[in-house]
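Asker: Below: one structure in structure tokens.
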């Protein structure tokens, strides 16, 4: 009986060690990474969880953020080719966040928070509406060894197979990741450290999975109100923030103009006296 208790105790300790090691991420990965244009970045500048909307970047791109304790966030903005009309491509924006586990072989398993993912897909030439839905897609970043091939000693020590290094051309810190099939993901460069991310908690707790449609004009600035009947995150537990308008939009320009006229008249009268 005592030996059985000891075995169970040993298994619990081993399991705890495995969990703790899985949640810890390589320090080289920690930060916010973005593709070359650096116009797509994770955080509140891409997805606004308060009014549940995207902020469309100026250029397409990809961004990933990783924390040391095993959380991630991803932002995708991609163009979709239109073979029927090459001059009229579509676009897709995707946001996800969740947990990331680094496996013994160097691969990464990204598991999103199911109800928080969002996708906006549009085809401007096919109509004036875009499809806005929840999005949930787990990802596996396949492990690959950098060139040249590693030595036997490196193989034994489970050398990490993604690459973080100084790009010889840009002199920036670069991250190379690979998809589950080994295809390389577009190179990303370190943009922020510590990472620039939204809260890592579940921001939109709900059990509904239906998509919504919102009016959107290609190239136009995002609107504050998308006309949803019920906000998807109406029960969110994250802190709601008030977004302050820029100073230019808070100043009464008519008042400024009349103040200037009054000061000019007052100055002229004072000069004549």
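Residue numbers (my numbering): 924 to 1196. The C-beta atom is built at its ideal place from N, Cα and C for all residues, glycine as well. What you are looking at is a predicted structure, and each value in this text was computed from that prediction instead of being measured.
(1) Which same chain residues end up closer than 8 Å to residue 1086 when comparing Cβ atoms and leaving out the 5 residues on each side of it in sequence?
(2) By the three-class DSSP mapping on this structure, what secondary structure does residue 1099 have?
(3) Identify which residue in 1029, 1057 and 1052 has its Cα closest to the Cα of residue 1038.
(4) Going by DSSP, what residue range makes up the beta strand (DSSP E) through residue 1123?
(5) Rounded to whole angstroms, what is the Cα-Cα separation between residue 1181 and residue 1124?
(6) Going by beta carbon distance, what residues of the same chain come within less than 6 Å of residue 1033, once the five residues before and after it are set aside?
(7) Answer with buried or exposed for residue 1189, where buried requires no fewer than 16 other C-beta atoms within 10 angstroms of its C-beta.
(8) Kindly indicate which three-state DSSP category residue 1032 falls into: helix, strand or coil?
(9) What residue ranges within the segment 944-1026 form continuous beta strand (DSSP E) runs of no fewer than 3 residues, ordered along the chain?
(10) For residue 1009 and residue 1183, I'd like the C-alpha separation in whole angstroms.
(11) Could you check which residue in 1001, 1112, 986 and 1003 has the C-alpha nearest to that of residue 1091?
(12) Closest by CA to residue 952, which one among 986, 981 and 975?
Answerer: In short:
(1) 1069, 1097, 1098 and 1099
(2) strand
(3) 1057
(4) Here residue 1123 belongs to no beta strand (DSSP E), and DSSP marks it neither H nor E.
(5) 50 Å
(6) 995, 1023 and 1062
(7) exposed
(8) The three-state secondary structure of residue 1032, taken from DSSP, is strand.
(9) Segments of the beta strand (DSSP E) lying fully in the segment 944-1026: 954-957, 984-989, 994-1003 and 1013-1025.
(10) 53 Å
(11) Residue 1112 holds the alpha-carbon nearest to the alpha-carbon of residue 1091 among 1001, 1112, 986 and 1003.
(12) 986
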